[in-house]
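Number 168 in numbering that gives the first Met the number 0 belongs to position 169 of the sequence shown; there are no gaps in the numbering. Here is the structure we will look at, set down as structure tokens.
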Amino acid sequence: MLQKTKGIVLSYIRYRETSIIVKIYTEVLGLQSYIVNGVRSSGNAKSGGGRMGLYQPLTLLELVVYHQERANLHRIREIKCPEPFVYLPMDFQKTGIVLFLTELLSKSLKSEEPNPVLYQFLHHSIHVLDGQQEGVQNFHLQFLLKLSRYLGFATPTADDFLEEVSPYISADAIDREAVERLLLEPYGAPIPLNGERRRHVLQMILQFYRLHVADFGDLKSLPVLQEMQG
């Protein structure tokens, strides 16, 4: 049946010569995969799947899709991007954050059950990242801690967080203060962290995710993010 929904692109893989299989987290249908034929061929702008630019990481879409229960792959009838990014594609630092976040989301979002509250959080956060001018270097830290609330395993305080991760990674009073502020303050808040401390806090957060997300493992995009941030 036809279903209208908003969606956030997570990733895609090439399929045959001109097609892709794209993974999209949708507002109405949860996590879904779609096969898009001919999108990598010339003249694809007129096809139902649109053009390749629509399938870049974290692109915000409006979709009309063919959805069949128990099917692993679905098809897109109509697609558009009513909220194109303004700054993100041209910002080197933000590009590294996007690659990192899409890999983490691909590991963390596994349910086909819809979760509109989670979707709205992701949608809002992506908008913030596109337009944010200050505190961008801490965005991914705040995002991961805030995301854990919607995934169902957030800790209420920084002390609870550190209690979980301290058997694996050492922490001190400065880490505690940083985590508390990252948990409570809005995106862009002036949280003073140098590069070394930021990497340490990130390692704690990733360990926190490994404790709660099955098969989380390591992230291939982490070295790229750290190189871009210096």
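In this text, a Cβ means the ideal position worked out from N, Cα and C, and glycines have one as well. Here the structure is a predicted model, which is why all the values come from computation and not from measurement.
* Close Cβ partners of residue 44 (< 7 Å) along its chain, the five nearest in sequence each way excluded -> With a pLDDT of only 46 at residue 44, under 50, the local geometry of the prediction cannot be trusted, and the value read off the model is given with reservation. Excluding residues within five positions, the ones whose Cβ falls inside 7 Å are 50.
* Start-to-end residues for the alpha helix (DSSP H) that takes in residue 50 -> Counting along the chain, residue 50 falls outside any alpha helix (DSSP H), and DSSP gives it neither H nor E.
* Where does the unbroken alpha helix (DSSP H) through residue 182 begin, and where does it stop? -> 172–183
* For residue 147, count neighbouring C-beta atoms within 10 Å of its own C-beta (all shown protein chains included) and say buried if the count is 16 or more, exposed if not. => buried
* Asked: Rounded to whole angstroms, how far is the Cβ of residue 20 from the Cβ of residue 57, which I believe are closer than 8 Å?
  -> That belief does not hold up - the Cβ atoms of residue 20 and residue 57 are roughly 18 Å apart, past 8 Å.
* Using the Cα positions of residue 122 and residue 89, report the straight-line distance between them to the nearest angstrom. => 20 Å
* Count the other C-beta atoms from every protein chain shown that fall within 10 angstroms of the C-beta of residue 29, then say buried if there are 16 or more, exposed otherwise. => buried
* To do: Taking only the alpha-carbon atoms, compute the straight-line gap between residue 192 and residue 102 and give it to the nearest angstrom.
  => 24 Å
* For residue 187, which three-state DSSP category applies? -> coil
* Just reading off the beta strand (DSSP E) that residue 232 is part of, what are its end residues? -> Past the edges of the chain, shown from 0 to 229, lies residue 232, and the structure says nothing about it.
* Would you tell me roughly how many angstroms separate the C-alpha atoms of residue 15 and residue 61, rounded to the nearest one? => 26 Å
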